[in-house]
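Visitor: Anchor point for the sequence shown: position 185 equals 180 in this note's numbering, and the numbering is continuous, going up by one each time.
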Amino acid sequence: MKIIMLGAPGAGKGTQAKMIAEKYHLPHVSTGDIFRANLKEGTELGKKAKEYMDKGALVPDELTVEILLDRVAKDDCKNGYVLDGFPRTIPQAEVLDKELEKLGDKVDLAIDVEVPDENIVRRMSGRRACLKCGATYHIEHIPPKQEGICDNCGEPLVQRDDDKPETVQKRLTVYHDQTAPLIDYYTKKNILKTVDGTQDMEAVFADIVKLVG
Ligand code: ADP
Ligand code: ADP
Ligand code: ZN
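Shown next, in the form of structure tokens:
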């Protein structure tokens, strides 16, 4: 099963993708996580990606596509995966489809987690992340057991540089310009399903499970 998560920054794609990955035993593949891991390790890719991420812009397609295709070619992706944050542009979606087609394969389901822009800035200002294990929390809605500390690994939680309100606004504009057209793209392929992302995390997940089966 190959599932794509669509939605604005902060809509809850990552949160839901991790839950899907666990329930259906699929790897969770997040291009944002891959970039952040590279940033932490100080690789060339990480440095390049940071220039764009800090501005709230997209990392160029050439770079992103290569990283993603390398990742899904790994053994653990043989039986499928949940893509979180990829594709983010029509050209990215087209490359993915072409590569899958070569293998006689296709994307099964694109899930759009719908959250209006008004809710996004608040969601993002409360987001806290563990840079070690990738867990995500929200200071009001999904707090860690101990304030500021990751439940899984005990690392201090941080606010992402790109979650500052000015950058979030920019990312929303980029989302509407470059990523939202994917809703149409997957609708035309008859694989788009929408869930109401303003519900609490378990209710959103229950709706997703109904779709995935
Ligand atoms: P969010 O979870 O808020 O949607 P991500 O962690 O998915 O954010 O991505 C963070 C940043 O990484 C994006 O703002 C963008 O700069 C970069 N990025 C991640 N995935 C892609 C992609 N598929 N194409 C281009 N840039 C990407
Ligand atoms: P995305 O990957 O789409 O950028 P995240 O999964 O990182 O979004 O979620 C953004 C923020 O909102 C995080 O702080 C997360 O803990 C919180 N969050 C996720 N889902 C919900 C929900 N259903 N209700 C309230 N807050 C949520
Ligand atoms: Zn952690």
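The beta-carbon is built from N, C-alpha and C at its ideal position, and this holds for glycine as well.
Short of 8 Å in beta carbon distance, which residues of its chain neighbour Ile115, apart from the five on each side in sequence? Order them along the chain.
Guide: For Ile115, where only same-chain residues beyond five positions count, the Cβ hits under 8 Å are Ala3, Pro4, Gly5, Ala6, Val163, Leu167.
Visitor: Where Arg31 and Arg155 are concerned, what is the direct C-alpha to C-alpha distance, given to the nearest angstrom?
Guide: Near 10 Å, if we compare the C-alpha coordinates of Arg155 and Arg31.
Visitor: What is the chain-ordered set of residues for which the beta carbon lies under 6 Å from any non-hydrogen atom of ligand 3?
Guide: Listed along the chain, these residues meet the criterion: Cys125, Lys127, Cys128, Ala130, Cys145, Asn147, Cys148, Glu150.
Visitor: Just list the beta strand (DSSP E) runs in the region 70 to 151, keeping only unbroken ones of 3 residues or longer that don't cross its boundaries, in chain order.
Guide: Segments of the beta strand (DSSP E) lying fully in the region 70 to 151: 76 to 79, 104 to 109, 122 to 124, 131 to 133.
Visitor: To the nearest angstrom, report how far apart Ile55 and Ile178 are at their CA atoms.
Guide: The sequence given here has Pro at residue 55, not Ile. If you take the alpha carbons of Pro55 and Ile178, they lie about 20 Å apart.
Visitor: Nearest-angstrom Cα distance between Thr193 and Asp112?
Guide: Approximately 11 Å between the Cα atoms of the pair.
Visitor: Tell me, which residues are paired with Val210 by DSSP?
Guide: There is simply no residue 210 to check, as the chain begins at -4 and stops at 208 in what is shown.
Visitor: Determine the DSSP secondary structure at Ile178, reduced to helix, strand or coil.
Guide: Ile178: helix per DSSP, three-state reduction.
Visitor: Comparing C-alpha positions only, which one of Arg123, Cys148, Gly149 sits nearest to Pro138?
Guide: That would be Arg123, whose Cα lies nearest to the Cα of Pro138.
Visitor: Ligand 1 heavy atoms versus the CB of Val54: any closer than 7 Å?
Guide: It does: the Cβ of Val54 is within 7 Å (strictly closer) of some heavy atom of ligand 1.
Visitor: Would you mind sorting Gln141 into buried or exposed? The rule is 16 or more other CB atoms within 10 Å of its CB.
Guide: By the neighbour-count rule (16 or more Cβ atoms within 10 Å), Gln141 is not buried but exposed.
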